[in-house]
Structures are given as structure tokens and as C-alpha cells.
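Structure, as C-alpha cells:
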Amino acid sequence: MIRLALVNLCNVNSVHLEELHKNATRQDIIHGKLFQDRRFLEIDYAQGRDVPPGYISKIAKTLEDWVHSCEAIYNCLDAQIQIANAEKSKRLEKKKDIEQKIINLKKAFKTSQISDNDDSMQIDARKTSATNPEVRKKTCRTIRPADFFKFNK
Numbered sequence: 001m002i003r004l005a006l007v008n009l010c011n012v013n014s015v016h017l018e019e020l021h022k023n024a025t026r027q028d029i030i031h032g033k034l035f036q037d038r039r040f041l042e043i044d045y046a047q048g049r050d051v052p053p054g055y056i057s058k059i060a061k062t063l064e065d066w067v068h069s070c071e072a073i074y075n076c077l078d079a080q081i082q083i084a085n086a087e088k089s090k091r092l093e094k095k096k097d098i099e100q101k102i103i104n105l106k107k108a109f110k111t112s113q114i115s116d117n118d119d120s121m122q123i124d125a126r127k128t129s130a131t132n133p134e135v136r137k138k139t140c141r142t143i144r145p146a147d148f149f150k151f152n153k
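Position 57 of the sequence shown, counted from 1, bears residue number 57 in the UniProt record's numbering, the numbering being contiguous throughout.
Written out as C-alpha cells, the structure reads:
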């Protein structure tokens, strides 16, 4: 069927093609240029059969509304991304602060342990000194294996 239409178009003379072009352009079905010497019609725009006349403005309005809604969604998503990035940076700052506090507490704990160890070493040194009479009086008791078995009976 398409071939038959093409053959019929090929057999059309240039006057008939020019008349067809004028009628289609007046009815706003097609827009194009007619080259009579080459019997060639270059179509820039053609309205589809399923689109009634005057409906193009409705389609354009619908597409404009769609573009505006897409822009609104984009702006909303962009705002949400900015809020999320701000929250992320706040959390990272809090995490760094907490890690710094942990490091400071560890340092403080280590320094307090070192000072406690120094204090206890000084106390132990005083207790174990040879001049302390309490240390000299204490005697060690040794347990022999035979004595050990006597206690467990």
C-alpha cells in the first residue's frame, strides 16, 4: 500500500504537487519547501493524524506544566541534598569532637595512672626500706609439702 502511494506520488506532475503543498500548508498540516525543478518537497513539520487541529496548544501547555513540575521536583531534591550534606557535616564535626574528647580522656587517664604509680612506688619504697622497723620484724613462714598434706586431711 505504501509503495502504491509512493508510485502515485512519483507520477504526480509538479503543478499538482504545488497545489497539494499549498493546501496542506493552509490547513497547517505540513510546513516545508517545494523544489519544482527537482520535483522534491522538503517537509520541516508535519501534524500527525491523531492530533486534531488546535490541540497542539493543549499539548504545549501540558508539556510546559510537566517542565514546571520537573523543575519544582528538582528544586525540592536539591534542597533535600543540601540539608543532608549539612547534617552529614554536623555529624562529622560531632564525631571529631567525640574522638578528640576520647583522646584527651585517654591522655588524662594515662597521666593519672603514671602519677598514681609514682605515688605508690614512693609509698612502697618507704615501706621496704631497711630503716623501717616493721619490715625487719616480719618473718616469712615456709610450708613444706608434708605440712601441706596435714592441713588438707
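Cβ coordinates follow ideal geometry from the N, Cα and C atoms, glycine included.
None of these values were measured; they are calculated from a predicted model.
Does I43 come out as helix, strand or coil in the three-state DSSP assignment? For I43, the three-state secondary structure derived from DSSP is strand.
How about Q47 and I29: are their beta carbons less than 7 angstroms apart? Contact annotation: Q47 and I29 have beta-carbon atoms nearer than 7 angstroms.
Might you give, ordered along the chain, the residues of its own chain that have their beta carbon closer than 8 angstroms to the beta carbon of L4, omitting 5 neighbours on each side? A caution first: L4 carries a pLDDT of 40, below 50, which makes its placement in the model too unreliable to give a value.
Endpoints, beta strand (DSSP E) assigned at G48: Careful: G48 lies outside any beta strand (DSSP E) and carries neither H nor E.
In this structure, how does DSSP classify I30 when only helix, strand and coil are distinguished? In this structure, I30 counts as strand in the three-state DSSP scheme.
Candidates H31, Q36 and G32, of which the one nearest H16 by Cα: That would be Q36, whose Cα lies nearest to the Cα of H16.
Alpha carbon of Y74 to alpha carbon of Q82, nearest angstrom: When the Cα atoms are used, Y74 and Q82 turn out to be separated by approximately 12 angstroms.
Is the beta carbon of L41 sitting closer than 7 angstroms to the one on G32? In this structure, G32 lies closer than 7 angstroms to L41 by Cβ.
What separation, rounded to the nearest whole angstrom, lies between the Cα atoms of L105 and T111? Rounded to the nearest angstrom, the two C-alpha atoms are 10 angstroms apart.
Starting from F35, follow its DSSP beta bridges and name the residues at the other end. Note: F35 sits in a beta bridge opposite F40.
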